[in-house]
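Inspection log for the structure reproduced underneath, given as structure tokens.
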Amino acid sequence: MIKIYLSPSCSSCRKVKAWFEDQQIPFEEINILKHDITEAELKEMLMKSLDGTDDIISKRSKVIKEQNVDVDSMSVKELLDFVRKNPTVLKRPIIVDDSKIQVGYNQDEIEIFEKAKKVAKEACANCPVDCDHRF
1321 MIKIYLSPSC SSCRKVKAWF EDQQIPFEEI NILKHDITEA ELKEMLMKSL
1371 DGTDDIISKR SKVIKEQNVD VDSMSVKELL DFVRKNPTVL KRPIIVDDSK
1421 IQVGYNQDEI EIFEKAKKVA KEACANCPVD CDHRF
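Okay, so the sequence shown: first residue is 1321 according to this note's numbering, each after it adds one.
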């Protein structure tokens, strides 16, 4: 299942959510302001990112500037604790599926998730009548 980490006030988040709904691609919406992001979720994001913290953390965020935080000098444990306490430092939206991550809304890059939907739909062609997938 695709997970979209977002905040309601983010315009790019609303665009991503609308795109997934328009494409009828099922997803789990995770509001970073209400959901306590787990260490496992953060580790998954970091493992699937190409550039680690640079991909998912906004070093220009208000919290980082005000606290004069150097993310690059933190241990992994310190980083995970910091992000869990300050989820607004995450770039948004963050889209995570079984094998990849995408940060932000980019029309060309997001279409890879539509291709994943087509593959899943073809695999589901032989599902029983009571299949609950939305395609």
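Beta carbons: idealized from backbone N, C-alpha and C, even for Gly.
For residue 1351, the pairing in a beta bridge is given by DSSP as 1326. DSSP, read as helix, strand or coil, puts residue 1422 in strand. Contact between residue 1324 and residue 1347 holds, with the beta-carbon distance rounding to 5 Å and staying under 8 Å. DSSP, read as helix, strand or coil, puts residue 1416 in strand.
In the three-state reduction of the DSSP assignment, residue 1366 falls in the helix class.
If you compare the alpha carbons of 1343, 1399, 1382 with that of residue 1360, the shortest gap goes to 1399. DSSP, reduced to helix, strand and coil, places residue 1377 within a strand of the structure shown. Per DSSP, the unbroken alpha helix (DSSP H) holding residue 1396 starts and ends at 1396-1405.
Distance from the Cα of residue 1383 is smallest, within the candidate group 1321, 1423, 1408, for 1408. Pairing residue 1426 with residue 1412, the inter-Cα distance amounts to about 12 Å. By the 16-neighbour rule on beta-carbons within 10 angstroms, residue 1331 is exposed.
Beta-carbon to beta-carbon, residue 1368 and residue 1420 are separated by about 6 Å, close enough to satisfy the 8 Å threshold.
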